[in-house]
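Student: In the working numbering, the protein residues as written are 466 to 555.
#1: With burial defined as no fewer than 16 other Cβ atoms inside 10 Å of the residue's Cβ, what is the status of residue 482: buried or exposed?
#2: How about the stretch 516–524 and the stretch 536–555: do they share at least three Cβ pairs that are nearer than 8 angstroms?
#3: Excluding the 5 residues preceding and the 5 following residue 495 in the sequence, name in chain order all residues of the same chain whose CB lies nearer than 6 angstroms to its CB.
#4: Can you name the start and end residues of the alpha helix (DSSP H) that residue 526 belongs to?
#5: Go to residue 478, then tell me how far its beta strand (DSSP E) extends in each direction, as first and last residue.
#6: If distances are taken between C-alpha atoms only, which option among 545, 480, 477 and 510 comes closest to residue 491?
Here you go:
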């Protein structure tokens with residue numbers, strides 16, 4: 466589902482994604498990509514003390530094959546709608 470974004474990351478070495486998270490889900494998974502490009506992701510962590518953000522970063526690092534340090538939440542840390550920057554550092 467994220468092939469376009471993975472290819473764009475390979476080409477440009479940096480991408481920004483708009484993500485709508487649903488914390489407290491049974492498992493972390495991509496639900497869908499909305500027509501406006503927002504990626505909906507279920508997160509298997511509670512939205513408390515940064516747990517959901519940490520789980521989102523862990524999930525995205527596996528999906529994109531990058532280090533967790535290469536992912537940064539640029540805006541929306543305490544919101545469901547987030548802008549995330551992913552860089553390809555190798």
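Ideal placement from N, C-alpha and C gives every residue a C-beta, glycine not left out.
Tutor: Short version:
#1: Reading the chain shown from its first residue, position 17 is the one you call residue 482. Residue 482 comes out buried.
#2: yes
#3: Here residue 495 is taken as the residue at index 30 of the chain shown, counted from 1. Taken in chain order, the residues that qualify are 466 and 506.
#4: By one-based count along the chain shown, residue 526 stands at place 61. Counting along the chain, the unbroken alpha helix (DSSP H) around residue 526 starts and ends at 516–529.
#5: If you number the chain shown from 1, residue 478 lands on position 13. From DSSP, residue 478 is part of no beta strand (DSSP E); its letter is neither H nor E.
#6: To locate residue 491, count along the chain shown from 1; it is residue 26. It is 510.
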